[in-house]
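> In terms of full-length UniProt numbering, the sequence shown has 92 at position 92, counting the first letter as 1, and numbering is strictly consecutive. Using N, Cα and C, we set each Cβ at its ideal position, and we do this for glycine too.
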Amino acid sequence: MDCVNGSISSSEVSASPRKAKELIKTLPGSDSSKTINVAVSSRALFDLEEENDLFVKKGLEDYIALQVRREDDMLKPGSAFPFIKIWKLREKDPKEQEIFSIVLMSHNNARVGIRLQKSIDHNGLMIPRMALTGGTSPVKYLEAFNITLFLTSYEEEVADAIQQGSVKFQNF
């Protein structure tokens, strides 16, 4: 797992959610009694249907190559984009920035993360943390990030997250 912007590098975090949880405790938004932590998947935040179709048909290498070629092309909004965009209003009251925290959680790896980060920055979204799991399901990291709400386009992840039992879910 790579954690971008949250000061945890892939060398510090193995694929173990337990290890991730220990390191994440030191980041802002780690106290779930004071912060509502929202995780949003990259496919819910951005329209990645064309890219996902390529991944399904041609595989990971072609998918990564496409994302790298298009890293300067901004991604179009996905189904959860308006919900996340409105949270930009938190800028108006610094106290509210501590109440809500958004984490982008994605199956992607760091090479694809560049395009995601550029699109986040281009749209002025306040997403201070990004967890890129390199192909594994981000569901096992929800507890480590103290996620309260998980927005995803993957129905199977919704089912897995409900079975895990630690967060509320919405399928976008």
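Among the residues of its own chain, which have a CB less than 6 Å from the CB of Leu75, if the five just before and after it don't count?
So the qualifying residues of the chain are Phe46 and Ser119.
> Let me confirm a value: Ala80 is counted as buried when at least 16 other C-beta atoms fall within 10 Å, else exposed. Which label applies?
Buried.
> Relative to the alpha-carbon of Gly134, which residue among Lys58, Lys57, Ser106 and Asp73 has its alpha-carbon at the smallest distance?
For the residues Lys58, Lys57, Ser106 and Asp73, the minimum Cα distance to Gly134 belongs to Ser106.
> Quick check: the Cα distance between Ile84 and Leu125, rounded to an integer number of angstroms?
Taking the straight line joining both Cα atoms gives about 7 Å.
> Round the Cβ separation of Ser42 and Leu116 to the nearest angstrom and send it over; I've been treating them as touching at under 8 Å.
Indeed, because the Cβ distance is near 6 Å, the residues count as touching under 8 Å.
> Taking all protein chains shown into account, do 16 or more other C-beta atoms lie within 10 angstroms of the C-beta of Val56, making it buried, or fewer, making it exposed?
The residue is exposed, with fewer than 16 neighbouring Cβ atoms inside 10 Å.
> Please classify Thr136 as buried or exposed, where buried requires at least 16 neighbouring CB atoms within 10 angstroms.
Counting Cβ neighbours within 10 Å, Thr136 comes out exposed, since fewer than 16 surround it.
> Excluding the five sequence neighbours on either side, which residues of its own chain have a C-beta within less than 7 Å of the C-beta of residue 182, listed in chain order?
What is shown of the chain runs 1 to 172, which leaves residue 182 out entirely.
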